[in-house]
Each structure stands twice: as structure tokens, then as C-alpha cells.
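The structure under discussion appears below in the form of C-alpha cells.
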């Protein structure tokens with residue numbers, strides 16, 4: 001296929017701007033309409049940028065390293081390389097295509113970001129990005145283009161998503177997270193691995209299970225994203241899967257069936273988690289450990305005790321993934337109030353089973369109010385949402401897809417923080433001093449080395465205080481059960 005011509009970005013339109021004859025400048029002033037001449041191709045035609053033609057246009061200076069007052073500063077190497085970069089934009093369907101730069105410029109990242117979960121305050125519905133030009137070009141465009149000048153509706157959505165979804169902050173670090181999924185062939189493991197493979201934050205994805213992993217890895221490896229994929233089969237290959245990993249996600253274990261509680265999974269899943277985390281303690285003791293396997297209220301204490309036995313315990317790097325509770329709370333509140341779920345954020349504290357799941361509706365953003373009977377029903381639905389899915393699937397599985405989404409969202413937040421992004425907050429079930437329970441889920445500020453700070457419980461309503469008091473005895477029992485399991489292991 002012939003490479004698209006590398007020409008200046010043009011054709012940004014103002015059809016939906018304040019008026020057809022005026023435009024809003026980046027400084028906020030309204031400026032008179034101005035005609036822009038499009039460059040011609042070799043055949044005398046205007047180059048197609050996939051955007052509607054308009055006299056309201058913006059041009060990129062030939063030296064992308066400067067020009068915009070608000071542009072993000074570039075390193076010397078980026079500035080030198082950027083002088084050789086030219087790009088044009090094509091919008092095809094719901095995709096943005098940016099052609100490869102000139103040979104003198106850095107090789108573009110090949111990104112696909114449509115499925116990357118984001119924190120509630122940042123989530124959008126980005127299109128699939130077929131190609132993305134080098135990061136410094138995107139940074140320049142993001143800071144230079146007038147955010148209030150509307151494009152063609154489709155192009156605007158694609159372009160804003162392309163910039164908003166760019167993989168990580170300008171920290172000078174590579175997005176090269178090496179992630180392992182243990183239990184990758186299961187109902188959660190497969191869609192979770194797909195989401196991780198789709199992210200530009202991940203450079204290496206290693207998959208482990210006791211069956212079918214080579215097939216899952218081969219299937220995922222055909223996807224045109226940057227992460228390399230390799231499958232490992234059986235206990236003898238587990239050490240190789242874990243070596244050099246930055247993050248290990250463990251969804252391994254048996255799923256719930258109708259009539260089962262999370263605690264009913266304990267006997268089987270406790271052994272699986274203890275075995276896998278022992279391997280992590282031996283072969284990647286510095287990795288972030290994210291436990292999805294239920295019952296999380298017991299498997300996190302199991303993980304902690306295993307790491308203590310191996311002398312490598314770091315409470316700031318062991319997480320019980322409770323993100324699905326937050327995702328559900330956001331969704332259910334949005335449904336009742338007619339809000340966009342992506343703009344709702346409900347902290348959920350406590351644990352990850354039944355009445356230990358405590359949604360803090362009083363801290364919801366935006367603020368919402370419910371009559372007491374409706375509030376009680378809402379909280380009950382959040383607490384029993386997993387059972388709702390198990391019943392609906394009629395024995396065919398549990399909440400695998402939504403759990404994979406929530407698990408991926410947590411991993412991406414964690415990797416963002418490890419890359420130096422500031423202000424990353426997620427809830428997780430961790431070693432805690434917030435209550436008299438040794439483990440408790442609260443909002444956390446994540447950082448380069450894991451947990452940077454627990455943000456605590458905050459101000460809550462009397463009803464929520466009552467829920468905490470009722471949850472603590474059950475939490476303590478589940479925690480003790482996990483700790484004693486490891487102590488009694490041979």
C-alpha cells in the first residue's frame with residue numbers, strides 16, 4: 001500500500017464554532033474569519049485529511065519543536081528529531097490514521113487504545129487508533145490546537161481521543177511494563193489478557209496456566225499491538241513466566257456456580273493462590289502483585305503470609321483487586337440518576353464479599369441523594385451483583401467479562417503511577433490501619449513503588465458507619481481463615 005503523503009495538518013473546521021465567520025483563539029479572544037490556502041498535491045488536488053474543508057484552519061509550523069506558547073517542553077533529542085517530522089491526518093470511520101514519519105524521525109508507536117480502561121474521572125469511549133505518530137508530535141498538537149474550535153464531529157471525537165488516550169505522562173520514561181497473567185486460559189484470564197495486549201503501556205505479556213496457554217498466546221500474538229506475548233504451560237515453566245515481571249495479575253482459580261458464595265471457593269483457590277504467590281516471591285519478589293482470585297478477603301492475607309515466609313514481604317506492593325465493586329457502583333448510580341457512568345465515581349471500601357462491600361454513596365461524585373429505601377436497595381444490589389451475574393449465566397460462569405475490565409483498569413492505573421503519573425487513585429483491599437481489621441479496602445494514592453498513601457475513609461454518613469460496624473466481624477473471620485491456612489501449610 002502506498003504510504004500517505006506527509007503534509008501539513010489542515011482542514012480543521014469551524015462549522016460548529018461560535019460562528020462561521022469568527023473563531024476563538026487559544027487565548028479565548030474571538031478573532032475575525034481568515035482564509036487558509038491548502039497545499040496542493042502533485043496532481044493539483046488538495047490532500048485529503050479526512051476532515052471537512054473550511055476556511056477556519058490551523059497549520060503546524062515546520063519546526064514542531066516550538067511555536068505554541070503552551071506546548072510541552074521537548075528534550076534536545078526530541079527537538080532535533082521533530083524538525084524532520086511531517087504528518088497528515090486521515091479519519092476513516094471511527095479511526096485516526098497518522099502516517100509514518102520521515103526516515104530521520106523516530107519510528108512511530110503502533111497503538112490500539114480502544115479498550116484501555118481509565119479512572120472514572122478520565123474515562124472516555126476512544127476509537128481504535130490504527131497508527132499514532134511520535135509522542136512529541138501528539139504533545140505539540142494537544143497543546144497547540146484550540147480546544148474550542150470544533151472539527152467534523154467524527155474527526156473531533158477521534159482526534160480528542162487520540163490525544164487523551166496517549167499512553168502515559170511526559171516523564172521521559174518508556175511505557176515498557178512487563179506483565180504476567182497467572183490463570184490466563186480461564187474465563188477472566190482470556191479477556192483480561194486481551195485488554196492488556198491492547199494497551200501501549202504493556203511491552204511484554206507472559207501468560208501462565210495449567211492448560212491451553214500456548215493457544216491463547218498464539219491467538220493474542222496476532223494482534224497488531226506492541227506487546228510481545230508468550231505462553232507458559234505447567235508448574236515447570238512458571239519461573240520463566242515470572243522472571244523480570246513488573247506486575248503479576250492472578251485471576252486463577254475455580255469460578256462461582258449458582259448457590260455458591262465466594263467463601264465456598266476457599267479450599268480450592270487458597271491452595272492455588274498460595275502456590276502461585278510462592279513462585280512470585282521466589283522469582284519476581286519486587287513485582288506488584290494483583291490478586292483477583294476469590295475470596296479476596298482471604299487470598300490477600302494468604303499472599304501476605306506467603307511473602308513473609310520468604311522474607312520479601314512489602315505491603316505496598318500487594319493488592320486485592322476490588323475495582324469491580326467501584327465499576328458496578330458507578331454504573332448502578334448512573335442508571336438511577338440518568339448520568340453518564342464515566343463521570344460517576346463512588347468509592348467502595350471494606351472488603352470484596354457480600355456485606356463487607358461498603359459503597360460510600362455519601363462521597364459520590366457528582367453528589368447524589370436517595371431516599372433511604374432506595375439507598376438500601378441500591379447498596380444491596382451492589383453487594384450482590386456478582387450473584388446476579390452467576391444466576392443470569394445459569395451455571396455457565398461468573399462475572400468474567402466485567403471482572404476482566406475492572407482488573408485491566410486497575411493494572412493500567414498502577415502502571416500509570418509506576419511510570420510517574422501523579423494523582424492516580426484506586427480502591428484496593430490491602431494491609432491497613434484504618435480500622436481494627438488488619439486488611440481493609442480504601443481509596444489509595446498510587447506511586448512508582450506501589451501504594452504511596454492511603455487516603456482513608458473520610459467523612460461518612462451514620463448509615464455507612466453502621467455498615468462498617470456490621471462488616472468488620474465477617475472481615476476479621478475471613479482474614480484469620482487465610483492467615484491460618486498458610487500457617488498450617490506443609
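Numbering (UniProt numbering), first residue to last: 1 to 490.
Beta carbons: idealized from backbone N, C-alpha and C, even for Gly.
Residue burial classification, residue 259 (beta-carbon count within 10 angstroms, cutoff 16): exposed
- [ ] Give the DSSP bridge partners of residue 472, in chain order.
- [x] According to DSSP, residue 472 bridges with nothing at all.
Between the beta-carbon of residue 351 and the beta-carbon of residue 251, is there less than 8 Å?
no
Review point. Ends of the alpha helix (DSSP H) at residue 192?
Key: 189-197
| message | Using a Cβ-Cβ cutoff of less than 6 Å, which residues in the same chain neighbour residue 191 once the five nearest sequence positions on both sides are dropped? | response | 401, 404
Worksheet item: Out of 213, 298, 266, which has the shortest C-alpha to C-alpha gap to residue 437?
Response: 298
- [ ] Using beta-carbon positions only, say whether residue 344 and residue 359 come within less than 8 Å of one another.
- [x] no
Pairs of beta-carbons, one from the segment 359-371 and one from the segment 423-441, closer than 8 Å: are there three or more? no
request  = Would you be able to state if there are at least three C-beta pairs under 8 Å between the segment 220-227 and the segment 196-204?
outcome  = yes
If you run the structure through DSSP and keep just helix, strand and coil, what is residue 478? helix
Where does residue 367 fall in DSSP's three states? coil
query: Is it right to say residue 407 is buried, meaning 16 or more other beta carbons lie within 10 angstroms of its own, or is it exposed?
result: buried
By alpha-carbon positions, which one of 249, 330, 289 ends up nearest to residue 314? 289
Exercise. Reducing DSSP to helix, strand and coil, say where residue 439 ends up.
Key: strand
So what does DSSP say about residue 87, is it helix, strand or coil?
The predicted model places residue 87 with a pLDDT of 43, which falls under 50 and marks its position as unreliable; any figure quoted below should be read in that light. Reduced to three states, the DSSP call for residue 87 is coil.
Are the beta-carbon atoms belonging to residue 300 and residue 292 less than 8 Å from one another? no
Under the assumption that residue 246 contacts residue 179 (Cβ atoms under 8 Å), give the Cβ distance between them as a whole number of angstroms.
-> 7 Å
Where residue 488 falls: helix, strand or coil (DSSP):
coil
### Query
Since residue 326 contacts residue 427 with CB under 8 Å, what's their CB separation in whole angstroms?
6 Å
Original post:
Helix or strand or just coil, what does DSSP make of residue 214?
Top reply: helix
DSSP three-state assignment for residue 233, whether helix, strand or coil: strand
I'd like to know whether the C-beta atoms of residue 182 and residue 276 end up nearer to each other than 8 Å. yes
In the DSSP assignment, the alpha helix (DSSP H) including residue 386 goes from what residue to what residue? 385-393
Query raised in the report: How would you label residue 376, buried or exposed, when you count the other beta carbons within 10 angstroms and need 16 or more for buried?
Result: exposed
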